[in-house]
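So the protein lines, in turn, are chains A and B. Per the numbering used here, the very first residue in the first sequence carries number 149; after that it's consecutive. Per the numbering used here, the very first residue in the second sequence carries number 149; after that it's consecutive. Report on the structure given below.
Protein chains: 2
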Amino acid sequence: MSITRKQEIINTAALLFKEKGFNAVSMRDLAQEMGIKAASIYNHLPSKQSILGAIIFEVSVEFTTHINAVIDDSLPILQKLEAIITMHIDLTLKKSEFLACMNNDWVHLNDVDKKQYIKMRNAYEEKFRSLLLQGIQEKALKPIDLEIMLFSILSTLRTFYLWYAKHQMLDFEKVKGDLCTTLLTGIRS
Amino acid sequence: MSITRKQEIINTAALLFKEKGFNAVSMRDLAQEMGIKAASIYNHLPSKQSILGAIIFEVSVEFTTHINAVIDDSLPILQKLEAIITMHIDLTLKKSEFLACMNNDWVHLNDVDKKQYIKMRNAYEEKFRSLLLQGIQEKALKPIDLEIMLFSILSTLRTFYLWYAKHQMLDFEKVKGDLCTTLLTGIRS
DNA sequence: TCACAAAACTAACGATTGTTAGTTTTGTAT
DNA sequence: ATACAAAACTAACAATCGTTAGTTTTGTGA
């Protein structure tokens, strides 16, 4: 079986949500984009918020899975960080609409989903933090404030989809290299 | 004359918009937060979108003014970059709600305001880009892809208000120093 | 061809939205 | 005390929202 109708709706919703934001997209907008009527969507999904949930958890699960894999891998710390950066770029190229939704519209999840999302997000950050701390302790990284380090890298990675939207045509390896350089060794020569 | 009623409304709106997003805040929500009725707001401001416009242009004008001042200043390039970073931190501390609105809700400006905003934003980026290019040419900065450099720094600065919301209690000078280090010389030792 | 499930439809609901018109209250300067 | 403007109010509007119920069409396997 190929892509389900449900998944088609989710993908289309992600695209619209990215452009206008969750609250600015009505079920009628989404339906029109699918070439059907709003009520028909409810044959596939129970609510508007559930669509948002499906979008957000699809990528947040992927992030969690990948960072766990990197942690379990036995690589030098700097290569682990590189692997994470690469993973973010990778996901950005494949699912930029989903990332945009996650970043901008997680606030509009229902209470249960929101708690779950925040939990996963915190867990992800905590794992990232541990890696950076390890890097500092091994003297591979400078002893700068851990939180600033973490925040700086994460904010760049999380909003990379914005940059991608503008510059699309790109050499994956070059972007990866330049981003690693910028984030890890800095821009000053 | 102290702070006007109009400005009070704008400030309150910025707070609510930051928390829930422009579309998720109704005029009745805003009015309730002010202790008045929704219709009363229209004695001070012509529309909901005009409130958003007031919020966004208040800070975007400030950004433009400041980067112009920095450019006109006769400082070495690295110190100019430092000055810009400092300015971003400064504005974050003073007006984090306004920055949050600008970042998240500029999409919901009316057409005229949106065009104007994008214009100012592009101009700001262009000035920033010129400074970085100058830095590269003077060999003060590494010859990395200019766009990635620009994007990386800007995305960190633009979302710094998110970090500030979590860590508030902070030593301004330390944050400034650590952020400059992270963004300019990188985290790798 | 028949049966059944998937997926579309029409029609409508109650709630909420931004906004307007017209009126009343509040504060202030003469 | 009077006049006037600022700032609040009540009441209502037309539009749009997410969602439901019930019905019809479409596609598929026996």
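Glycine included, C-beta positions come from ideal geometry on N, C-alpha and C.
Can you say whether Leu-223(B) is buried or exposed, counting buried as having 16 or more other CB atoms within 10 angstroms of its CB? In the second sequence, residue 223(B) corresponds to position 75, counting from 1. Of the other Cβ atoms in all chains shown, fewer than 16 fall within 10 Å of the Cβ of Leu-223(B); this residue is therefore exposed.
Q.
Using beta carbons (cut-off 8 Å, strictly below), is Asp-220(B) in contact with chain A?
A. For the purposes of this step, residue 220(B) is taken as residue 72 along the second sequence, with counting starting at 1. Chain A contact via Cβ: absent.
(Q) Counting only beta-carbon separations shorter than 8 Å, does Gly-169(B) have a partner in chain A? (A) As a working note, residue 169(B) is residue 21 in the second sequence. Answer yes: the Cβ-Cβ gap between Gly-169(B) and chain A drops below 8 Å somewhere.
Checklist entry - In chain order, what residues of the same chain lie with their CB nearer than 7 Å to the CB of Phe-109(A), ignoring the 5 residues before and after it? => result Absent from the model: residue 109(A). The displayed extent of chain A is 149 to 337, so no value can be given.
Exercise. Cα separation between Pro-194(B) and Gly-201(B)?
Worked result: The residue given as residue 194(B) occupies position 46 in the second sequence. The residue given as residue 201(B) occupies position 53 in the second sequence. Straight-line Cα distance between these residues: approximately 11 Å.
(Q) What ranges does the alpha helix (DSSP H) occupy inside the stretch 220-280 of chain B, keeping only unbroken runs of at least 4 residues that lie completely in it? (A) Qualifying alpha helix (DSSP H) stretches, in chain order: 225-253.
Note to self: Can you list, in chain order, the residues of its chain with a C-beta nearer than 8 Å to that of Gly-283(B)? Leave out the 5 residues immediately preceding and following it.
What the structure shows: Counting from 1 along the second sequence, the entry for residue 283(B) is found at position 135. Contacts found: Ile-225, Leu-226, Leu-229, Leu-289.
*Going along chain B in order, which residues have a C-beta closer than 7 Å to the C-beta of Asn-252(A)?*
Position 104 of the first sequence, counting from 1, holds the residue named residue 252(A). Contacts between Asn-252(A) and chain B, judged by CB atoms closer than 7 Å, involve Asn-252 in chain order.
Check whether the Cβ of Ala-172(A) lies closer than 8 Å to any Cβ atom in chain B.
As a working note, residue 172(A) is residue 24 in the first sequence. Yes, because at least one Cβ of chain B sits closer than 8 Å to the Cβ of Ala-172(A).
message = Let me confirm a value: Lys-242(A) is counted as buried when at least 16 other C-beta atoms fall within 10 Å, else exposed. Which label applies?
response = Translated into the one-based positions of the first sequence, residue 242(A) becomes position 94. Classification of Lys-242(A): exposed, given that the 10 Å Cβ count is below 16.
Review point. From Arg-306(A), Gln-316(A), Phe-299(A), pick the residue whose C-alpha is nearest to that of Ala-313(B); which is it?
Key: Stepping through the second sequence from its first residue, residue 313(B) is reached at position 165. The option with the nearest alpha carbon to Ala-313(B) is Phe-299(A).
Review point. Is it right to say Thr-213(A) is buried, meaning 16 or more other beta carbons lie within 10 angstroms of its own, or is it exposed?
Key: Residue numbering aside, residue 213(A) sits at position 65 when the first sequence is read from its first letter. The residue is exposed, with fewer than 16 neighbouring Cβ atoms inside 10 Å.
Cross-chain neighbours of Ile-292(B) in chain A, by beta carbon under 7 Å = Position 144 of the second sequence, counted from the first residue, corresponds to residue 292(B). The contacting residues are Asp-326, Thr-329, Thr-330, Ile-335.
Residue span of the alpha helix (DSSP H) that contains Leu-289(A), given as start and end | Mapped onto the first sequence, residue 289(A) falls at position 141. Premise fails: Leu-289(A) is in no alpha helix (DSSP H) and is neither H nor E.
What residues in its chain sit with their C-beta under 8 Å from that of Met-149(B), if we drop five residues either side in the sequence? Taking the second sequence and counting its residues from 1, the one referred to as residue 149(B) is at position 1. Unreliable positioning characterises Met-149(B) in this predicted model, as indicated by a pLDDT of 48, which lies under 50. The coordinate reading is nonetheless provided below. If we look at Met-149(B) and ignore the five residues flanking it on each side, it has no Cβ neighbours.
TODO: Would you kindly check if the distance between the Cβ of Gly-169(B) and the Cβ of Asp-253(B) is under 8 Å?
DONE: Mapped onto the second sequence, residue 253(B) falls at position 105. Mapped onto the second sequence, residue 169(B) falls at position 21. Judged by their CB atoms, Asp-253(B) and Gly-169(B) are nearer to each other than the 8 Å cut-off.
Practice problem: Measure the alpha-carbon distance for Glu-167(A) versus His-256(A) and round it to whole angstroms. | Solution: Residue mapping note: residue 167(A) aligns to position 19 of the first sequence, counting from 1. Residue mapping note: residue 256(A) aligns to position 108 of the first sequence, counting from 1. Taking the straight line joining both Cα atoms gives about 16 Å.
Identified DSSP bridge partners for Arg-336(B): As a first step, residue 336(B) is located in the second sequence; it is residue number 188 there, counting from the start. Beta-bridge annotation (DSSP): Arg-336(B) is paired with Leu-289(A).
With a 10 Å radius around its C-beta and 16 neighbouring C-beta atoms as the bar for buried, classify Asp-341(A) as buried or exposed. The requested residue 341(A) does not occur in the structure, where chain A is confined to residues 149 to 337.
Express the C-alpha separation of Leu-164(B) and Asp-177(B) in angstroms, rounding to a whole number.
In the second sequence, counting from the first residue as 1, residue 177(B) sits at position 29. In the second sequence, counting from the first residue as 1, residue 164(B) sits at position 16. So the two alpha carbons sit approximately 9 Å from each other.
### Message
Could you check whether Leu-279(A) and Leu-294(A) sit closer than 8 Å to each other, using their CB atoms as the reference points?
### Response
What you label residue 294(A) is simply residue 146 of the first sequence in a count that begins at 1. What you label residue 279(A) is simply residue 131 of the first sequence in a count that begins at 1. Contact flag unset, no.
By DSSP, does Gln-282(A) sit in helix, in strand, or in coil?
Here residue 282(A) is taken as the residue at index 134 of the first sequence, counted from 1. Of the three classes helix, strand and coil, the one that applies to Gln-282(A) here is helix, per DSSP.
**OP:** Hey, could you find the ends of the alpha helix (DSSP H) Val-323(B) is sitting in?
**Re:** Numbered from 1 along the second sequence, position 175 holds the residue referred to as residue 323(B). Under the DSSP assignment, Val-323(B) falls in the alpha helix (DSSP H) whose first and last residues are 320-328.
Grab me the residues of His-236(A)'s own chain with a C-beta within less than 6 Å of its C-beta, minus the 5 sequence neighbours each way, in chain order. As a working note, residue 236(A) is residue 88 in the first sequence. Around His-236(A): Leu-305.
- Item | Any C-beta of chain A under 8 Å from that of Ser-300(B) | If you number the second sequence from 1, residue 300(B) lands on position 152. Chain A, which has a Cβ nearer than 8 Å to the Cβ of Ser-300(B), makes this yes.
Leaving out the 5 sequence neighbours to the left and right, which residues in its chain are closer than 7 Å to Lys-196(A) when beta-carbon positions are compared? Mapped onto the first sequence, residue 196(A) falls at position 48. Setting aside the 5 residues that flank it on each side, Lys-196(A) is surrounded in the same chain by Met-175, each with a C-beta closer than 7 Å to its C-beta; the list follows chain order.
*asked:* Just to confirm the assignment, what range does the alpha helix (DSSP H) spanning Ile-158(A) have?
replied: The count along the first sequence starts at 1 and reaches residue 158(A) at position 10. Boundaries of the alpha helix (DSSP H) harbouring Ile-158(A): 153-168, taken from the DSSP string.
| Can the beta-carbon of Ile-292(B) be found closer than 8 Å to that of Thr-330(A)? | The residue given as residue 292(B) occupies position 144 in the second sequence. The residue given as residue 330(A) occupies position 182 in the first sequence. Their beta carbons are under 8 Å apart, which means Ile-292(B) touches Thr-330(A) by this criterion.
Does the Cβ-Cβ distance between Asn-171(A) and Asn-251(B) come in under 8 Å? In the first sequence, the residue the question calls residue 171(A) occupies position 23. In the second sequence, the residue the question calls residue 251(B) occupies position 103. Taking a C-beta distance under 8 Å as the contact criterion, Asn-171(A) and Asn-251(B) do not qualify as a contact pair.
query: How long is the line joining the alpha carbons of Glu-286(B) and Tyr-272(B), rounded to whole angstroms?
result: Taking the first residue of the second sequence as position 1, residue 286(B) is located at position 138. Taking the first residue of the second sequence as position 1, residue 272(B) is located at position 124. Put simply, the backbone Cα of Glu-286(B) is about 21 Å away from that of Tyr-272(B).
Assuming Ala-231(A) and Tyr-309(A) are in contact, meaning their beta carbons sit under 8 Å apart, how far apart are those beta carbons, in whole angstroms? Along the first sequence, one-based indexing puts residue 231(A) at 83. Along the first sequence, one-based indexing puts residue 309(A) at 161. No, Ala-231(A) and Tyr-309(A) are not in contact; Cβ-Cβ is about 19 Å, not under 8 Å.
ask   = Could you give the distance in angstroms between the alpha-carbon of Ile-215(A) and the alpha-carbon of Gln-264(B)?
value = To locate residue 215(A), count along the first sequence from 1; it is residue 67. To locate residue 264(B), count along the second sequence from 1; it is residue 116. The alpha-carbon atoms of Ile-215(A) and Gln-264(B) are separated by roughly 41 Å.
Cβ-based neighbour list, His-315(A), same chain, cut-off 8 Å, excluding 5 preceding and 5 following = What you label residue 315(A) is simply residue 167 of the first sequence in a count that begins at 1. Here the set comprises nothing.
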